[in-house]
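With this note's numbering as the guide, the letters of the sequence shown map in order to residues 472 to 894.
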Amino acid sequence: MKKKICVIGLGYIGLPTAALFAKQGYTVVGIDKNLEVVKGLSLGKVIIEEPFLQDIVTEVINSGHLQVNETPVEADVFIIAVPTPIREDKTSDMGYVSNAAQSIVPYIRKGNIVVVESTSQVGATEEVVKPILEQSGLKIPEDVSLGYCPERVLPGKILKELVENDRVIGGIDKYSAMRIKEVYGTFVQGDMFLTTTKVAEMCKIMENTFRDVNIALANEMSMICEAEGINVWEVIRLSNKHPRVHLLNPGPGVGGHCLAVDPWFLVERYKELARIIKTSREINDGMPDYVYKKIEDILGILQGKKITILGMTYKPDIDDIRESPIVRLIKLLQEAGCELAIVDPFVKKKGYQLYELEEACVGSDLLVLGVNHKIFSDLPFSHIAKLMKGNIVLDTRNSLDEKVVEEAGLIYYVLGRGEYKSI
Ligand code: SAJ
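This is the structure in structure tokens:
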């Protein structure tokens, strides 16, 4: 008989994971402490914007393979997929993971498997989760298997990547890792590599840190190129002709709940050692302030100026504004007394007044492209130019068509491009 799985946390990772197990015929009970999420899901309603997620959830709710509940139930496998945010002081908050572990203590039985999926501080499975589970009187790993099995999926491609990506599985012992591999092997088509919990925890954080550090390098280079009066985008294009160089893209900063968060876990645990990691975080976090200064250079006094902002999510073509650098830029400009007209059809969050493109451009002193959503790749600049009061466009992503912007009589600035024009 197929195992019963209890997934704690029905967010961006927990829900798709629960749905994929349910689709394989497991009985899955998804747990979320948010009553609205539970109520919605029991009617088959998904509130997360992610391609194909609604379809698969509808299917497994209707088939009865996925049930939802506010509190855990007895099961063979428990999967913890709750958030691990950072606090104001950039230290990791493992509170949700501890609470999730605590919540299953009354329900775990001999022979069960517990898997932590949440991005966790290095050592957390062994140092935080294991002692909590052992309050049940059961011994780990003798009675209960325990491991850490992080995902590495890209928002926007979650369902595809959950199935296709390789996985690192850290077991508290080898038997735990092997049992977890067997469970995930029902839907994971990528390779699964077994290791210790600490190695798996470090891998997850290092993967995102690798990207954050490389983006910081691109951002630093972008500022250096501007100071030098040359075009960073041309430097990147030409440097990347080297067979072993792959420079990433500079921009207005790094957002999202992964790259902008996870490296801080290492800075917290290894204060003296994590030096490049800390500096990189500071460079990326400082980019919105750098863009703000650029805008000040362009417009002079900001008080009373109208600025049109295109895109405020943390990356293109998604609705997520968590840690978005454009949100920080918006705050800085508002504090300086600017009138902002934000255009972002993806964002449905309350608290921001959003505009249609045309209205946002009327009387605008400056147009800033914050996020390169696909829908912004073909803007009617000759019309926009007539609506605007000013004549400058600042592209923070190097993504607009220079020719179209300039033919409309507008001046085109690109972040990272000095006065130099391509030959
Ligand atoms: N960004 C740049 N320049 C670049 C690439 C990205 O400025 O060259 C910025 C983006 O604009 C965005 C941020 O970085 O603000 C993060 O975007 P992303 O697409 O690189 O990554 P996420 O945060 O959406 O997803 C990451 C992924 N990690 C890696 O690529 C190493 C994903 O595989 C992880 O599963 C996910 O974090 C996670 O959940 O940890």
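Ideal placement from N, C-alpha and C gives every residue a C-beta, glycine not left out.
F681 beta carbon near the ligand SAJ (any heavy atom closer than 8 Å): For the purposes of this step, residue 681 is identified with residue 210 of the sequence shown, where counting begins at 1. Yes; taking the cut-off as 8 Å, the Cβ of F681 has a heavy atom of the ligand SAJ nearer than that.
In chain order, what residues of the same chain have a beta carbon less than 7 Å from the beta carbon of D815, not counting five sequence neighbours either side? What you label residue 815 is simply residue 344 of the sequence shown in a count that begins at 1. So the qualifying residues of the chain are G782, M783, T784 and L825.
Tell me the DSSP bridge mates of T680? Locating residue 680 in the sequence shown gives position 209, where the first residue counts as 1. Paired residue(s): none; T680 is not in a bridge.
Do you know offhand how far V568's Cα is from K628's? For the purposes of this step, residue 568 is taken as residue 97 along the sequence shown, with counting starting at 1. For the purposes of this step, residue 628 is taken as residue 157 along the sequence shown, with counting starting at 1. Going from the Cα of V568 to the Cα of K628 covers about 25 Å.
Kindly list the residues whose CB is nearer than 6 Å to the CB of P543, restricted to its own chain and excluding five residues on each side of it in sequence; keep chain order. Counting from 1 along the sequence shown, the entry for residue 543 is found at position 72. Only C477, I502, S574, I575 and Y578 meet the Cβ criterion.
Please find out if some non-hydrogen atom of the ligand SAJ comes closer than 8 Å to the beta-carbon of S795. Here residue 795 refers to the residue found at position 324 when the sequence shown is read from its first residue. S795 Cβ: within cutoff of the ligand SAJ.
By Cβ distance below 6 Å, which residues in the same chain neighbour K475 in space, the five residues on each side in sequence not counted? Looking up residue 475 in the sequence shown gives position 4. These residues qualify, in order along the chain: T498, A546 and D547.
How would you label K742, buried or exposed, when you count the other beta carbons within 10 angstroms and need 16 or more for buried? Indexing the sequence shown from 1 puts residue 742 at position 271. Exposed.
Where K874 falls, given that 16 or more other Cβ within 10 Å makes a residue buried: On the sequence shown, position 403 is the one that residue 874 refers to. Classification of K874: exposed, given that the 10 Å Cβ count is below 16.
Among L719, V659 and R650, which has the Cα closest to the Cα of R682? Here residue 682 refers to the residue found at position 211 when the sequence shown is read from its first residue. Checked all of L719, V659 and R650; the closest Cα to R682 is L719.
Can you have a look at G775 and say buried or exposed, based on whether 16 or more other CB atoms are within 10 angstroms of its CB? Residue mapping note: residue 775 aligns to position 304 of the sequence shown, counting from 1. Answer is exposed; the Cβ neighbour count stays below 16.
Separation of E597 from I643, as counted between CA atoms: Position 172 of the sequence shown, counted from the start, is the residue given in the question as residue 643. Position 126 of the sequence shown, counted from the start, is the residue given in the question as residue 597. The alpha-carbon atoms of I643 and E597 are separated by roughly 7 Å.
Beta-bridge partners of S563, as assigned by DSSP: Translated into the one-based positions of the sequence shown, residue 563 becomes position 92. Per DSSP, I557.
Consider the C-beta atom of I882 and the heavy atoms of the ligand SAJ; say whether any pair is separated by less than 8 Å. Along the sequence shown, one-based indexing puts residue 882 at 411. Incorrect: I882 has no Cβ contact closer than 8 Å to the ligand SAJ.
Which of the three DSSP states, helix, strand or coil, is assigned to R623? In the sequence shown, counting from the first residue as 1, residue 623 sits at position 152. Coil at R623, not helix or strand.
Kindly indicate which three-state DSSP category K777 falls into: helix, strand or coil? In the sequence shown, the residue the question calls residue 777 occupies position 306. Reduced to three states, the DSSP call for K777 is strand.
Given a cut-off of 9 Å, decide if T562 and G722 are closer than it, judged by their beta-carbon atoms. Position 251 of the sequence shown holds residue 722. Position 91 of the sequence shown holds residue 562. In this structure, G722 keeps its C-beta atom at 9 Å or more from the C-beta atom of T562.
Would a C-beta distance cut-off of 9 Å place V842 and I797 closer than the cut-off? Residue mapping note: residue 842 aligns to position 371 of the sequence shown, counting from 1. Residue mapping note: residue 797 aligns to position 326 of the sequence shown, counting from 1. In contact: V842 and I797 (Cβ atoms closer than 9 Å).
Is the beta carbon of V539 closer than 9 Å to that of K494? Here residue 494 refers to the residue found at position 23 of the sequence shown. Here residue 539 refers to the residue found at position 68 of the sequence shown. The answer is no: Cβ separation not under 9 Å.
Assuming K777 contacts G726 (C-beta within less than 8 Å), just tell me the rounded distance between them. By 1-based counting over the sequence shown, the position of residue 777 is 306. By 1-based counting over the sequence shown, the position of residue 726 is 255. In this structure K777 is not in contact with G726, their Cβ atoms being roughly 25 Å apart against a cut-off of 8 Å.
Within this structure, are the beta carbons of A731 and E672 separated by less than 9 Å? Here residue 731 refers to the residue found at position 260 when the sequence shown is read from its first residue. Here residue 672 refers to the residue found at position 201 when the sequence shown is read from its first residue. No, they are not a contact pair.
Going straight from the alpha carbon of L828 to that of I484, what length do you get? Taking the sequence shown and counting its residues from 1, one reaches residue 828 at position 357. Taking the sequence shown and counting its residues from 1, one reaches residue 484 at position 13. Using only the alpha carbons, I get a separation of about 33 Å.
Quick check: the segment 804-821 against the segment 741-760, are there 3 or more CB pairs under 8 Å? no
Please state whether the Cβ-Cβ distance between G618 and V586 is less than 9 Å. Against the sequence shown, residue 618 aligns to sequence position 147. Against the sequence shown, residue 586 aligns to sequence position 115. Yes, the pair counts as a contact, with Cβ atoms nearer than the cut-off.
Start-end ranges of the alpha helix (DSSP H) lying completely within the segment 599-676, minimum 4 residues: Listed in chain order, the complete alpha helix (DSSP H) runs (minimum 4 residues) inside the segment 599-676 are 601-604, 629-635 and 645-655.
Taking its Cβ as the centre, do 16 or more other Cβ atoms sit within 10 Å of Q453, making it buried, or is it exposed? With the chain represented from 472 up to 894, any question about residue 453 goes unanswered, as that position is not in the structure.
Spatial neighbours of L858 within its chain, please: CB distance less than 8 Å, with the 5 preceding and 5 following residues excluded, ordered by chain position. Stepping through the sequence shown from its first residue, residue 858 is reached at position 387. These residues qualify, in order along the chain: E829, C832, V833, G834 and S835.
Could you check where the beta strand (DSSP E) with F549 kicks off and where it finishes? Along the sequence shown, read from residue 1 onward, the residue named residue 549 stands at position 78. It spans V548 to I551 - the beta strand (DSSP E) in which F549 sits, taken as one unbroken run.
Between the segment 687-697 and the segment 656-675, do three or more beta carbon pairs fall short of 8 Å? Because the criterion of three Cβ pairs below 8 Å is not met, the segment 687-697 and the segment 656-675 do not touch.
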